[in-house]
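Every number in the numbering used here is 562 more than the matching position in the sequence shown, counting from 1.
Here the structure is laid out as structure tokens; the discussion comes afterwards.
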Amino acid sequence: MSHICRPSAVHTTRAAARQRLPLPAPRSTVPVLLPALCVLLSGCEGPLSTLSPAGSGASKVATLFYVMITVAALVWLFVMALALYAAHKVPRSDSERTGRKLILFGGILLPVVLLGTLSWWSFGLTNELLEPGDGLVIDVTGERFWWRVHYETPSGPVISANEIRLPLGERVEFRLRTSDVIHSFWIPSLGGKMDMMPGTVNRLVLEAEREGTFRGACAEFCGLAHTLMEFDVIVMPRDAFYAWLGRRSGNAESPSTPLASRGRDLFLQNGCGACHRIAGTAADGRIGPDLTHVGSRRSVGAGTLPSGVGPIAGWIAHPAAVKEGVLMPPYPMLDADELVAIATYLDGLE
Ligand code: CUA
């Protein structure tokens, strides 16, 4: 390489000296690469990260990713080094024989051994993801554009939406369905994704290994609000989870203030109960999300807005302004006081 580059370098230096021009300083790529790397790596953390695992399935997926990317990088470096060597090597009489050996070992034997070993190892690793659950089953149905969640308990069903609670250290089986098109159920911090296909029930077993609040999302394009179809996942200690589940099968709390009482009356008078259920009231609709404990949830509109009286009131007034394509109609006939009263009632349903 040196005998090719040197004349041109000398020529450039002399030309610069003749014209009394300063030579350009050698550029380092570190100031550019380091911030870029920091920006890229900052995406590895957070509630939707696959590389910050909080579950046994996600740990295996992350291990698979790290091993594959490391091997791929090593192979790439090796091939680049060979290419550079070949480009600058002076041909010799034995080049053809050496080339045939190189193709045999580097082009056939090495890929077969390397890919075979990696495949055998990865099949074993991912096979562990198919192990059965410990007993708890949660039914989740993909809707337009939200998640219907159903726990079966000895004291009756517990119906929720857009939020899933899980016991720490227990392998939970999800039975996944859809009511319309294909959705995909994905909690990146806990494990891989699973499609929800019309006419069938898909199963996925996940085990949380760390307490905390994580995020789930729809991973299959399903319509206008596909990117606003998320849910919260709250991992609790086992005892606390089953105590919570036991409390959830009961009726909704009664309103505790005159404003909340007015909100409940308005909710029922305006026909909200045709689509939504609130256990213990006349509202028994099954089209939209169950609102029996809606005030305890962290978000409104399937992860779209933070919970609270203001966001709930805004959502009721004009859901499609928040989430285009949503099935819920707007309620422009309600004035601000009425919206706040209904939202206060719903926000109090802990
Ligand atoms: Cu549901 Cu995308």
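Here a beta-carbon is modelled for each residue, glycine too, at the ideal position from N, C-alpha and C.
Where residue i falls, given that 16 or more other Cβ within 10 Å makes a residue buried
| i | result |
| --- | --- |
| M890 | buried |
| Y713 | buried |
| K651 | exposed |
| T625 | exposed |
| W748 | buried |
| L914 | The structure shown does not extend to residue 914, since the chain spans only 563 to 912, so no value can be given for it. |
| I849 | exposed |
| F627 | exposed |
| N813 | exposed |
| A879 | buried |
| V902 | buried |
Distance cut-off 6 Å: residue i Cβ against heavy atoms of the ligand CUA
| i | result |
| --- | --- |
| E732 | no |
| M759 | no |
| H712 | no |
| C834 | no |
| H553 | Residue coverage of the chain in this structure runs from 563 to 912, which leaves residue 553 outside it and unanswerable. |
| E725 | no |
| M895 | no |
| H788 | yes |
| C780 | yes |
| C784 | yes |
Candidates the options: closest to residue i by CA position
| i | options | result |
| --- | --- | --- |
| W708 | H880, V629 and D852 | D852 |
| M759 | R772, P653, S741 and L730 | S741 |
| F793 | F783, G812, L867 and W806 | L867 |
| A779 | P729, G695, E900 and G704 | G704 |
| S858 | G870, G850, G847 and I849 | G870 |
| G668 | A643, A805 and D897 | A643 |
| A616 | E735, V674 and G754 | G754 |
| R737 | G718, P892, P694 and P716 | P694 |
| H838 | L752, R710 and D897 | R710 |
| L911 | S722, L766, G887 and W877 | S722 |
| L807 | H855, D899, I670 and G661 | H855 |
| V702 | L691, E725, S681 and G686 | E725 |
| T688 | Y907, S657 and V623 | V623 |
Own chain partners of residue i with C-beta closer than 8 Å, once the 5 adjacent residues on each side are dropped
| i | result |
| --- | --- |
| G872 | A905 |
Cutoff 6 Å; reference residue i; Cβ partners in own chain excluding five residues on either side
| i | result |
| --- | --- |
| H745 | G704, M758, C780, E782 and C784 |
| M791 | F707, C780 and A864 |
| S811 | T715, S717, G718 and V720 |
7 Å CB neighbourhood of residue i in its chain, flanking five on each side removed
| i | result |
| --- | --- |
| T732 | Reading off the sequence, residue 732 comes out as Glu, not Thr. Excluding sequence neighbours, E732 sits near D696, L698, E769 and R800. |
| W834 | According to the sequence provided, residue 834 is Cys. The question's Trp does not apply to it. If we look at C834 and ignore the five residues flanking it on each side, its Cβ neighbours are A845. |
Whole-angstrom distance between residue j and residue i, CA atom to CA atom
| i | j | result |
| --- | --- | --- |
| A648 | K663 | 14 Å |
| A844 | L613 | 46 Å |
| S618 | L639 | 32 Å |
| A802 | I700 | 17 Å |
| T632 | A822 | 58 Å |
| T679 | A805 | 46 Å |
| D827 | V767 | 42 Å |
| R739 | I796 | 21 Å |
| L830 | L728 | 32 Å |
| A635 | A645 | 15 Å |
| E773 | M798 | 6 Å |
| P881 | M630 | 44 Å |
| L786 | E886 | 6 Å |
| L914 | T789 | Only positions 563 to 912 of the chain appear in this structure, which leaves residue 914 out of reach. |
Residue i CB to nearest heavy atom of the ligand SAH below 6 Å
| i | result |
| --- | --- |
| M791 | With respect to small molecules bound, the structure shown includes the ligand CUA and not the ligand SAH. |
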